[in-house]
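Worksheet for the structure shown next.
In my numbering, the protein residues as written are 26 to 115.
Quick look at the structure:
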């Protein structure tokens with residue numbers, strides 16, 4: 026989850042820029058999770074797909090994220106799937 030007062034950081038790791046973000050129970054998230062063996066059954070948060078971290082340098086340098094930047098608590102497969110996401114304002 027985001028750290029209060031600092032919009033460009035998460036207390037669980039770097040802010041992520043994902044190609045898409047879905048509810049954990051959505052068909053899209055379920056399909057990818059089942060293909061790579063991640064169980065999302067008990068996850069009630071958003072899931073990011075194909076994500077890359079946005080570093081502090083990137084934010085200061087005007088990094089662009091075409092989708093909603095998110096803060097996520099669990100990263101699987103180098104950003105292919107990130108779990109427990111919440112939106113972040115940069």
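Each residue gets a CB set at the ideal place from its N, CA and C atoms; glycine is no exception.
Please read all numbers here as calculations on a predicted model, not as lab measurements.
- With a 10 Å radius around the Cβ and a threshold of 16 neighbouring Cβ atoms, residue 50 comes out exposed.
- Nearest to residue 91 by alpha-carbon distance, out of 71, 54 and 42, is 42.
- Shown here for residue 72: same chain residues with a beta carbon closer than 6 angstroms to its own, the five before and five after excluded, namely 47, 49, 54 and 108 in chain order.
- When DSSP reads this structure, residue 94 sits in a beta bridge with 42.
- Taking the Cβ atoms as the reference, residue 62 lies roughly 15 angstroms from residue 100, outside the contact range of under 8 angstroms.
- In the DSSP annotation of this structure, the continuous segment of the beta strand (DSSP E) that includes residue 73 starts and ends at 71 to 79.
- Across the set 114, 113 and 96, the C-alpha of 96 shows the shortest separation from the C-alpha of residue 106.
- The shortest CA-to-CA distance from residue 115 to any of 79, 104 and 102 is the one to 79.
- Counting along the chain, residue 111 sits inside the beta strand (DSSP E) bounded by residues 106 to 112.
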